[in-house]
Structures are given as structure tokens and as C-alpha cells.
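Colleague:
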Amino acid sequence: MTAADFAAIAELIYADSGIVLGENKVMLVYSRVAKRLRALRMTDFGTYCAFVRSPQGGEERGHLLNALTTNVTSFFREKHHFDHLATTILPPAIQAARRGARVRLWSSACSSGQEPYSIALTLLCLMPDAGSFDIRILATDIDNDILETARRGVYPRNLAGEIPPDLRRRGIVASNAGPDCFAMSDDVRALVAFRTLNLVRTWPMRARFQAIFCRNVMIYLDHETQSQIWARMVPLLSDDGALYIGHSERVCGPAAGLLHLDGITTYRPADHAPRRGQR
Ligand SMILES: C[S@@+](CC[C@H](N)C(=O)[O-])C[C@H]1O[C@@H](n2cnc3c(N)ncnc32)[C@H](O)[C@@H]1O
1 MTAADFAAIA ELIYADSGIV LGENKVMLVY SRVAKRLRAL RMTDFGTYCA FVRSPQGGEE
61 RGHLLNALTT NVTSFFREKH HFDHLATTIL PPAIQAARRG ARVRLWSSAC SSGQEPYSIA
121 LTLLCLMPDA GSFDIRILAT DIDNDILETA RRGVYPRNLA GEIPPDLRRR GIVASNAGPD
181 CFAMSDDVRA LVAFRTLNLV RTWPMRARFQ AIFCRNVMIY LDHETQSQIW ARMVPLLSDD
241 GALYIGHSER VCGPAAGLLH LDGITTYRPA DHAPRRGQR
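Start counting the sequence shown at 1; every next residue gets the next number (UniProt numbering).
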């Protein structure tokens, strides 16, 4: 892979997703794109780059993007967010749903599904009959391959330990994929709708969300792109909602002024009364 091949791939990925592939990602790009070359029985990166940029390479461009996303995640990652959700956001949201309101929660870079399923497990624990009300989780990602894994909802058994024991009993079942796996229960799966959504393109959603999880995706994007996404995302937050972001991220640009901190990497709309000592 020449420097020009790397630059061409980095340019395509940035144009398609906003993901910045710096020089420190050369080895990662090399090993992941080499797999695409093998899948296409190509022997050199130059031919691959020419193909993926050609009008015939449109489908491969999607495969390239899927290959270069980083999908690391876990159940109940940054557990304090789920504690905040359970104690602060969900109780009034559940009351509203019981009165007939529509309640939506958004996992905006959901990867293989552990984040939205953790939200669903948290919800079911507080509202076992959630499926009978209009309270749902939208889970989106740019990567179609990882969304297939998420929809399947089947995980290696060793990941079950990431789920608190009481929620494990309620929300996971044996999988017909074999004894080394578990599956999310039908109750949990029914609460989550998975959709493809590219954060740097237009979004179809109009209604507002009671909670938005936008965690560990902005770190891959440049400052300007982050700022534009926050400016579109924050207005989608309900007045009494919460935005949860990754531990190494921060809300930047004009949207930052619309929020106040309400816990570790947890934000609420600025006109929502802050908890004492947290502004
Ligand atoms: C590291 S995972 C984070 C998963 C989860 N939010 C968490 O914190 O555990 C980052 C995810 O962001 C997705 N992603 C990257 N760029 C994106 C974009 N432009 N639009 C939507 N999703 C994107 C990747 O496909 C990947 O699944």
C-alpha cells in the first residue's frame, strides 16, 4: 500500500463518514483493506483504489467503510449513564408512556447492539410491560454489517458477565446458535428498532428523544464535523431529556451553550433546572 493509496482511502472514508484516518492508522487500514483485496481476488492496492473510486465500485465503497469502522463496545459500558437513565430520565418517561405519550430513546452509534440492549434491559427492569406502551429505542449506525450482528442479538457467553445478574435473569435466554452463546430475549428485542443512519448525512427523525446516547463515535470525527452533528442533535433532545457522551468526548460548537452538565459526561438542556452544585 503506497502513501498515495492510503491517502485515497482516507479521503473516501472522510467524504463518506467524517471519519479521520490519520497517519497512525496506516497499519490498521492496511490489514483491514487487505481482507477486501482478498475477497475481490485483487493483488494490489492501486487496482483496488481505482476500482473503489470508479462508478462500478459503489457497492465496494460500502464494504470498505464497514471494514474501517471501529466497533468496540460492551454491555453497560460506562455504567453511570445507565444509573442516571434509571434514576432520573426513565421514571417520568415511564409515567408519561403509561398516560399514553410517545417516548423515544436513541442510541446513535449502536455498533453490535450492546448499548441499545443495555438501555432496553434498564427500561424493562423498571417497566416489565414496556412492550405494551409506546416507548421504544431507536438504534442506528453507519455500518450495515455490524447492524446485522446487532439485530441478531446473539453474543458469546463470556459477555454475559457484563450484564448485572438481575437483568441477566430477565433479559437473556439460551441461543439456538449453541451453548457458547446467549441471546437477548424477545421482550428486549421488541423494544429496539435498528436502522442504518450516517451521522454526517441528513436524518429522518423529527420527534424528540428523552435520551440520546452518542458515545465513542465523535472521537473518530474532526472538530468541525463534531460541532455540526452536535448542533443538529441537541435540538432533538426533549426539554427534560439527557445526552450521554463518551468519557473522552466533549460537546463542542454552539450546541455546548444549550446544555449543562448533570453528572459524568451527562448533559441536559440548559433551561432544565440543574441539580444543585452541578452547573
Ligand atoms: C466504538 S463504536 C461505539 C459503540 C457504542 N456507542 C459504545 O460507546 O459502546 C463506534 C461506532 O460508530 C459508528 N460510526 C462511525 N462513524 C459513523 C457515522 N458517520 N455515522 C454513524 N455511525 C458511525 C461505527 O460504525 C461504530 O459502530
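Positions of the beta carbon are idealized from the N, C-alpha and C atoms, including for glycine. Source: prediction; values computed, not measured.
(1) Measure the alpha-carbon distance for Arg102 versus Ser132 and round it to whole angstroms.
(2) What does the Cβ neighbour count give for Ala10, buried or exposed, with the cut at 16 atoms within 10 Å?
(3) Count Cβ pairs between the stretch 120 to 131 and the stretch 227 to 243 that sit closer than 8 Å; are there 3 or more?
(4) Any heavy atom of ligand 1 closer than 7 Å to the Cβ of Asn144?
(5) Pairing CB atoms from the stretch 30 to 50 with CB atoms from the stretch 236 to 246, are three or more of them under 8 Å?
(6) Please work out which residues of its chain come closer than 7 Å, Cβ to Cβ, to Arg275, disregarding the five sequence neighbours upstream and downstream, and give them in chain order.
(7) Where do the ends of the alpha helix (DSSP H) carrying Cys181 lie?
(8) Express the C-alpha separation of Gly57 and Arg208 in angstroms, rounding to a whole number.
(9) Roughly how many angstroms lie between the CA atoms of Gln114 and Ala150, to the nearest whole one?
(10) Measuring only from the beta carbon, is Ile19 closer than 7 Å to any heavy atom that is part of ligand 1?
(11) Looking at the structure shown, is Ser74 part of a helix, part of a strand, or coil, going by DSSP?
(12) Determine whether the beta carbon atoms of Ala109 and Val217 lie at a separation below 8 Å.
(13) Consult DSSP for residue 299 and reduce its assignment to one of helix, strand or coil.
(14) Contact between the stretch 153 to 173 and the stretch 194 to 209 is defined here as three or more beta-carbon pairs at a separation below 8 Å; is this criterion met?
(15) Could you pull out every residue in the same chain whose Cβ sits closer than 7 Å to the Cβ of His223, ignoring the five residues on either side in sequence?
(16) Which same chain residues end up closer than 8 Å to Val26 when comparing Cβ atoms and leaving out the 5 residues on each side of it in sequence?
(17) Would Ala120 and Phe194 be called neighbours here (beta carbons separated by less than 8 Å)?
(18) Exposed or buried, what is Glu59 when buried is set at 16 or more other beta-carbons lying within 10 Å of its beta-carbon?
(19) When the Cα of Gln210 is compared with those of Asn66, Ser107, Leu28, Phe45, which residue comes out closest?
(20) Mapping DSSP to helix, strand and coil, what is His260?
(21) Report whether the distance from the Cβ of Leu159 to the nearest heavy atom of ligand 1 is below 7 Å.
(22) For ligand 1, I want to know if Tyr14 counts as a neighbour, meaning its beta carbon is within less than 7 Å of at least one of the ligand's heavy atoms.
(23) At a threshold of 7 Å, does Gly22 count as lining ligand 1 (C-beta to nearest heavy atom)?
Modeller: Short version:
(1) Roughly 12 Å separates the two Cα atoms.
(2) Label assigned to Ala10: buried.
(3) Not touching, per the Cβ criterion.
(4) No, since every heavy atom of ligand 1 falls outside the 7 Å radius drawn around the Cβ of Asn144.
(5) When C-beta atoms of the stretch 30 to 50 are compared with those of the stretch 236 to 246, fewer than three pairs fall below 8 Å, so the two segments do not count as touching.
(6) Below a pLDDT of 50, predicted positions are generally treated as unreliable, and Arg275, at 47, falls in that range; the measurement from the model is reported next regardless. Excluding positions up to five away in sequence, the list reads Asp262.
(7) Annotation for Cys181: no alpha helix (DSSP H) segment contains it, though the beta strand (DSSP E) segment containing it runs 181 to 184.
(8) Near 37 Å, if we compare the C-alpha coordinates of Gly57 and Arg208.
(9) A straight-line Cα-Cα distance of about 8 Å links Gln114 and Ala150.
(10) Indeed, a heavy atom of ligand 1 lies less than 7 Å from the Cβ.
(11) Of the three classes helix, strand and coil, the one that applies to Ser74 here is coil, per DSSP.
(12) Yes, the pair counts as a contact, with Cβ atoms nearer than the cut-off.
(13) Because the chain in this structure spans residues 1 to 279, residue 299 falls outside the shown range and cannot be described.
(14) Using a Cβ-Cβ distance cut-off of 8 Å, the stretch 153 to 173 and the stretch 194 to 209 are not in contact, since fewer than three pairs of beta carbons, one from each stretch, lie closer than that value.
(15) Around His223: Cys252.
(16) Within its own chain, the residues whose Cβ lies closer than 8 Å to the Cβ of Val26, once the five positions on either side in sequence are excluded, are Met1, Phe6, listed in chain order.
(17) Against a cut-off of 8 Å, the Cβ pair of Phe194 and Ala120 comes out as no contact.
(18) Result: exposed.
(19) Checking every option, the nearest Cα to that of Gln210 belongs to Ser107.
(20) The answer is strand: DSSP assigns His260 an E or B state.
(21) Relative to ligand 1, the beta carbon of Leu159 is positioned no closer than 7 Å to any heavy atom.
(22) Checking the Cβ of Tyr14 against ligand 1 gives no.
(23) For Gly22, the distance from the CB to the nearest heavy atom of ligand 1 is not below 7 Å.
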